[in-house]
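Participant:
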Amino acid sequence: MQQGTGFKVHEERCAVEAQRSFRFCGRHGLAVTIQVPALWRSAAGETRQVELPSGNLADVLNALVEQFPSLGAHLFDEKGEVRSAINLFVNQEHVRFRGGLSMPLRDGDEVYIVPMISGGRR
456 MQQGTGFKVH EERCAVEAQR SFRFCGRHGL AVTIQVPALW RSAAGETRQV
506 ELPSGNLADV LNALVEQFPS LGAHLFDEKG EVRSAINLFV NQEHVRFRGG
556 LSMPLRDGDE VYIVPMISGG RR
């Protein structure tokens, strides 16, 4: 094998994986993982997790909706704000304690979207 070709092969594998499963290769710093709620998976092609480039939380959520547009109605209200019935956690800590949507995300962070469930008899 020629020297230096391993990286190119890895790049090609990452591109194939990204096309096949909507995931990016973590080796290149694209390592923020969003856990898709079970009730929303049909709108996300049955995907449980989505890896997106790191940025702030708002950017990552917008990138999620760009990839799966039907998730937008679940996540954002008509004003473009996160619905009040949605709780967002980063690494199991509620975002309200970490700076809200403007908080920067780092490689390896996990974002959990937790919709509140209500209903029943009144």
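Residues in the sequence shown are numbered from 456 upward in steps of one, following our numbering. Every residue, glycine too, gets a C-beta built ideally from N, C-alpha and C.
Would you be able to state if there are at least three C-beta pairs under 8 Å between the region 555 to 563 and the region 501 to 516?
Facilitator: In short, these stretches touch, since the Cβ pair count reaches three.
Participant: Whose C-alpha, out of Lys534, Ile568 and Glu533, is nearest the C-alpha of valine 550?
Facilitator: Taking the sequence shown and counting its residues from 1, the one referred to as residue 550 is at position 95. If we check each option's Cα against that of valine 550, Ile568 comes out closest.
Participant: CB leucine 526 to CB alanine 518, shorter than 8 Å?
Facilitator: Against the sequence shown, residue 526 aligns to sequence position 71. Against the sequence shown, residue 518 aligns to sequence position 63. In this structure, alanine 518 does not lie closer than 8 Å to leucine 526 by Cβ.
Participant: Where does glutamine 490 sit, in a helix, a strand or coil, going by DSSP?
Facilitator: Along the sequence shown, one-based indexing puts residue 490 at 35. Of the three classes helix, strand and coil, the one that applies to glutamine 490 here is strand, per DSSP.
Participant: Closest to arginine 496 by C-alpha separation, out of Ala486, Phe523 and Asp532, would be which residue?
Facilitator: Residue 496 sits at position 41 when you count from the first residue of the sequence shown. The shortest C-alpha separation from arginine 496 is found at Phe523.
Participant: Determine the DSSP secondary structure at asparagine 533, reduced to helix, strand or coil.
Facilitator: The residue given as residue 533 occupies position 78 in the sequence shown. It is worth fixing the name first, because residue 533 is glutamate in this sequence and not asparagine. Reduced to three states, the DSSP call for glutamate 533 is coil.
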